[in-house]
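Chains as they are written, first to last, in this note's numbering: chain L, 275 to 650; chain V, 275 to 650; chain H, 275 to 650.
Structure record follows, encoded as structure tokens.
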Amino acid sequence: MPLTVAEIAAKIGATVEGDGATKLNGVSTFEQAGPGDLVFAQSPRYGERAARSRAGAVIAPPGAEIPGKTVLRHLYPKAAFARAIAALLPPVRPAPGVHPSASVAPGVQLGREVHVGALASVGAGARIGDRTVLHAGVIVGEGAKIGADCTLEPRSVVYPGCTLGDRVFLKAGAIIGAAGFGFVQEGEIPGEDDLEPGQEVLDYRRYFQREGPHIRVPQVGTVILGDDVEIGANSCVDRGTLGPTVIGRGTKVDNLTQIAHNVVIGEHCLVASLTGLSGSTSLGSHVTIGGHVGIAEGAQIGDRVLVAAKAGISTGKKLPPGTGWVGIPARPGEKGLRILAASTAVPTIAETVKRLRVRVAALEKALAGGARVEKK
Amino acid sequence: MPLTVAEIAAKIGATVEGDGATKLNGVSTFEQAGPGDLVFAQSPRYGERAARSRAGAVIAPPGAEIPGKTVLRHLYPKAAFARAIAALLPPVRPAPGVHPSASVAPGVQLGREVHVGALASVGAGARIGDRTVLHAGVIVGEGAKIGADCTLEPRSVVYPGCTLGDRVFLKAGAIIGAAGFGFVQEGEIPGEDDLEPGQEVLDYRRYFQREGPHIRVPQVGTVILGDDVEIGANSCVDRGTLGPTVIGRGTKVDNLTQIAHNVVIGEHCLVASLTGLSGSTSLGSHVTIGGHVGIAEGAQIGDRVLVAAKAGISTGKKLPPGTGWVGIPARPGEKGLRILAASTAVPTIAETVKRLRVRVAALEKALAGGARVEKK
Amino acid sequence: MPLTVAEIAAKIGATVEGDGATKLNGVSTFEQAGPGDLVFAQSPRYGERAARSRAGAVIAPPGAEIPGKTVLRHLYPKAAFARAIAALLPPVRPAPGVHPSASVAPGVQLGREVHVGALASVGAGARIGDRTVLHAGVIVGEGAKIGADCTLEPRSVVYPGCTLGDRVFLKAGAIIGAAGFGFVQEGEIPGEDDLEPGQEVLDYRRYFQREGPHIRVPQVGTVILGDDVEIGANSCVDRGTLGPTVIGRGTKVDNLTQIAHNVVIGEHCLVASLTGLSGSTSLGSHVTIGGHVGIAEGAQIGDRVLVAAKAGISTGKKLPPGTGWVGIPARPGEKGLRILAASTAVPTIAETVKRLRVRVAALEKALAGGARVEKK
């Protein structure tokens, strides 16, 4: 159903400049937009492209001039655009009810207006909050507790006993609560795997090279996901060994990411794709972790830390709040960038050092000769 | 059903040297082959091993001598062998029909001879092309369009509205069309996240460290996979934010790979396992990306580029056609390899520089002494 | 059902010091423990924390003094604790039987006391060993052979024809036997992709830049998993091209890990998360591979090797038994660590070299002047 510019402006807190009666029914890019589409200019320098587009209206920040267009003026155009999309193209909510092909065990508590999709399975004793949607093929284990207004997309899995807050969003294939990778080796000497912060991984060698089989440490903890947590497609959050693995309110995890046993993550963090957080690492709040980052066992990441893509954080390392990190092993932001930049120069440095050695040897020879001359 | 050497030769375009009536029913390695097996010699230097094997016949290139064996002579033995396997061991095609345990919504258009496997689910309005096979547990969302002769292996997921060409091959657990990782932070200043090509990721720091929650940008785009595209097991291709994420004809993506929103990939590329392509990156055609490669937002990769395993391509970086890249951050092939090689020498360089400092200081002292002598 | 300290001690081979009649019904950390909980002290230095806890009993090694607590004395407290957890909190075994929503094809052989969960699918001709549990949504392909006492967690997939030993543990979403990433390019010149050990990946450039489409090499091999193998959540083990991909007895693979076609892994190895083993690599026994490690095609890893997290092993590289490796490309342990450490110093070295050049030039000038003086 289309909305007028004025209606959208009211929903997103924008001021209308131009024709508030213009009807919009979609969103688009500058290039693809038609007269029914809303676009947004992230900064004043996009004003010209917005003006050239065929869009029906533009969300733009103060200072962006967009001649000939109806403008929804907003201080934060991208956030405003996000809200406008949600208003114009609200997600299609499946009708409440249990699909006949789903399997719902006895003793399950389903809230009001819950949707259980085709071929989904809910185990005995699980609780599903109001308006939560379990899409096709979702599996919820025995005794799991899912909050209200959650969306579990196709084939996501919640293991028995795990707890999800409200408005949690699991994308397809996400797995919450599998057993962590915890073993002890037959004949392991007490304390030998007892890591000190900063200890090098190669110190493990003796431990790992013992020849006994690995005994699984039963993983009897659980997982707790806070409100508004989002877990990406095919990502994994392992259950704790003892106690829970915890992800705080508002934290968003990208696809194909591994969160190991007893990790504790604060609120409103972002963790990008293909990253691995090893056992018992902790993250504060508002932490940002790039893609392909590896954080080794027990590292402690402070609030508002930024770890750049591909970085490696060593075992037990503590990163102070508000710092940035880059490289393998990671060093503080500017130092790390200097080291990366300098590495480019190493072949040149090697060549220069080689020539300096020749020149210094020549000087030494000459001076030795000179000294002999003087001694005469 | 066995084939004769002559029949196989006709199918793969090879010339027979020896007994064309030999019956073959399988393929094997040199070591494991029996008299019913076909093997192949990749180059003349494998001739002796081929001759020593018990194989019934050998595909071999010109110049490879294989005494005592029936040879199928072909200029490109590996390609010929691939085709011979397909002829000798054609994949078992499940019988057309819908398994009684599958869930097919009203209004689905199934082509001729489609197979819908056990416990598969097809959403309302989806279209499935002729002879396409949906294996057990596959989930196709509402309104998705799947071409002809596709194979969707167990538990692969196609989200609503996505489009697959003909002969597309999804391996188990592949996920097409989940929402991308797109957020805007409350209070984000316009233009602040507006990346320039080559800008360092740590410049993001102020942006990411703002303390508001993250607002999801609704992902209302789609995914388009061209003909003959192949997506690996448990890999993810996110839908676009606006507009589509596109993978061109003939491109092959390995397992556990992340393709983010609005990535555009050309034709006949290879993308290896555990690699991540960030939002809005573009690849030309015939690009090869190694394993564990990370490509940051908006990078543009030209035709026929090769990115070596584990490399990292920075945000907005442009790689010219036909170039090779290596390292983190990636540098052009030979330079990158020189930098990698030189890094091994850094401890030696450090030691040499230390000694040079001592020698230069000694020279300075001696020369200062010498200078004094001369001034006397 | 609670157990007494004496009963647990008997099961784990510990000696009781204190009240053997104390009843325990759980395990915990020092901080969370209550009077019914068992805790463990990994080494004597945890004695004080154990003593301060509210735990009902403590497993502790010789030499650990824990005043006021009942102690189960054991030389290897962590291994003993793992066994105690298994005794106190045995995993809940689903009741034998086939769930009515499951799909079991004709001709399947189910062993005694097998459990087939909700919406699981077993293909024709598959064999499932005694007491094996297939959880909800598991898919076992035609003709697959699963041993006794295996646990296949939700949505794990075993492709047709693969073989699992006894007590194999697949976590949710694990995929055994998808086709590997094997292609040959149209017009590929014989032998051109015929790698020599140690050959650089960039040598592939001509090969990869050929512009023909990629022809899939049909993957007609299989997968064999030994007894007690464990495969992590959403991990992938590809089938062999010819012959099998093999994982030896007791080897444990973490989540989101890629094991390519024709990899052969020995016994009792550990492979951490997000690691990729390329085609035809081989690992000996008791090998430990960290997270995010990449091992290129055909590398051969000896027994008891340790590869540190994030390392990259080049194509065809051979790592001798008992060695440690670190870095990209990986170098032997101590050398690799020296190189990593030295890289931090490169900016300083660059600065020093710059100053040395100036000083050496000044010396050369001075000496040239001095020489002229002497020649006069």
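Quick reminder that beta carbons are idealized off the backbone N, C-alpha and C, glycines included.
Cβ pair Val301(H), Ala315(H) closer than 8 Å: no
Assign Ala624(H) to one of two classes, buried (16 or more other C-beta atoms within 10 Å of its C-beta) or exposed (fewer than that). Counting Cβ neighbours within 10 Å, Ala624(H) comes out buried, since at least 16 surround it.
Arg429(V) to Ala394(L) span [Cα, whole Å]: 13 Å
Close Cβ partners of Trp599(H) (< 8 Å) along its chain, the five nearest in sequence each way excluded: Val579, Leu580, Val581, Ala582, Ala585, Ile587, Leu593, Arg605, Pro606, Gly607 and Gly610
Suppose contacts are defined by Cβ-Cβ distances below 8 Å. Is Asn529(H) in contact with Gly564(H) by that definition? no
By DSSP's criteria, Ser655(L) is part of a beta bridge. Which residues make up the other side? Summary: the structure shown does not reach residue 655(L), with chain L confined to residues 275 through 650, and so no result is reported for it.
Give a yes or no on contact between the stretch 489 to 496 of chain L and the stretch 486 to 495 of chain V, applying the rule of three or more CB pairs nearer than 8 Å. With the cut-off at 8 Å, the stretch 489 to 496 of chain L and the stretch 486 to 495 of chain V do not touch.
Quick one, which residues of the stretch 560 to 585 of chain H are near chain V if we go by CB-CB under 8 Å, in chain order? His566, Gly568 and Ala570
Is Ile521(L) helix, strand or coil by DSSP? strand
Which chain H residues are close to Pro492(L), counting only those with a beta carbon under 8 Å from its beta carbon? Ala356, Ile359, Ala360, Leu363 and Pro365
Identify whether Ile282(H) lies in helix, strand or coil by the three-state DSSP scheme. helix
Taking Arg631(H) as the query, report the chain L residues whose CB atoms sit under 8 Å from its CB, ordered along the chain. Thr626 and Leu630
Proximity winner among Thr597(V), Leu363(V), His566(V) and Phe455(V), relative to Val537(V) (alpha-carbon distances): Closest by alpha carbon: Phe455(V).
Contact with chain V by Ala635(H), beta-carbon distance below 8 Å: no
Could you tell me the alpha carbon to alpha carbon distance between Pro471(L) and Gly421(V), rounded to whole angstroms? Because Pro471(L) carries a pLDDT of 40, less than 50, the predicted location of this residue cannot be relied on, and the following value inherits that uncertainty. The straight-line gap from Cα to Cα measures roughly 55 Å.
Measure the beta-carbon distance from Ala284(H) to Arg347(H) and round it to whole angstroms, keeping in mind my assumption that it falls under 8 Å. About 13 Å; that fails the 8 Å criterion.
Nearest-angstrom Cα separation, counted from Glu571(L) out to Gly540(L): Each residue's Cα considered, the two are about 17 Å apart.
Let me know if Leu363(L) comes out buried or exposed under the rule of 16 or more other beta-carbons within 10 Å of its beta-carbon. Looking at its Cβ environment, which holds fewer than 16 other Cβ atoms inside 10 Å, Leu363(L) is exposed.
The alpha helix (DSSP H) spanning Gly598(L) covers which residue range? First-last for Gly598(L): Gly598 to Val600, but that is the beta strand (DSSP E), not the alpha helix (DSSP H).
Is Gly330(V) close to chain H, meaning its C-beta is less than 8 Å from at least one C-beta of that chain? no
Which of the three DSSP states, helix, strand or coil, is assigned to Val366(H)? coil
On the criterion of 16 or more Cβ atoms from any shown chain inside 10 Å, does Arg319(H) qualify as buried, or is it exposed? exposed
Closest Cβ-Cβ distance between Lys343(L) and chain H: below 8 Å? no
Figure out for me which residue from Pro380(H), Ala369(H) and Val431(H) has the closest Cα to the Cα of Asp404(H). Ala369(H)
To the nearest angstrom, report how far apart Asp467(H) and Ala354(V) are at their CA atoms. Note that Asp467(H) scores a pLDDT of 45, beneath 50, so its modelled location is shaky; the value from the coordinates is reported in the next line. Taking the straight line joining both Cα atoms gives about 15 Å.
Report whether the distance from the Cβ of Leu349(H) to the nearest heavy atom of the ligand SAH is below 7 Å. This structure does not include the ligand SAH; it has no bound ligands of any sort.
Going by other Cβ atoms of all chains shown within 10 Å of its Cβ, with 16 needed for buried, is Arg357(L) buried or exposed? buried
Using a threshold of 8 Å, state whether the C-beta atoms of Val442(V) and Leu499(V) are closer than that. Against a cut-off of 8 Å, the Cβ pair of Leu499(V) and Val442(V) comes out as a contact.
At 7 Å on the CB atoms, spell out the chain H contacts of Gln532(L), in chain order. Asn529, Leu530, Ser547 and Leu548
Helix, strand or coil for Lys297(V) per DSSP? strand
Is there a Cβ from chain L that is less than 8 Å from the Cβ of Pro518(H)? No, because no Cβ of chain L sits closer than 8 Å to the Cβ of Pro518(H).
DSSP puts Ser377(L) in a beta bridge; with which residues? Paired residue(s): Ser395(L).
Which residue or residues does DSSP assign as beta-bridge partners of Ala563(V)? In the sequence as displayed, the identity of residue 563(V) is Ile instead of Ala. DSSP lists Val545(V) and Val581(V) as partners of Ile563(V).
Would you kindly report the start and end of the unbroken alpha helix (DSSP H) that includes Leu614(H)? Gly607 to Thr618
Cβ neighbour criterion (16 or more within 10 Å) applied to Lys445(L): A residue is called buried once 16 or more other Cβ atoms fall within 10 Å of its Cβ, and Lys445(L) is buried on that count.
Contact set between Gly411(L) and chain H, taken where Cβ atoms lie within less than 9 Å: Contacts between Gly411(L) and chain H, judged by CB atoms closer than 9 Å, involve Leu393, Gly411 and Arg429 in chain order.
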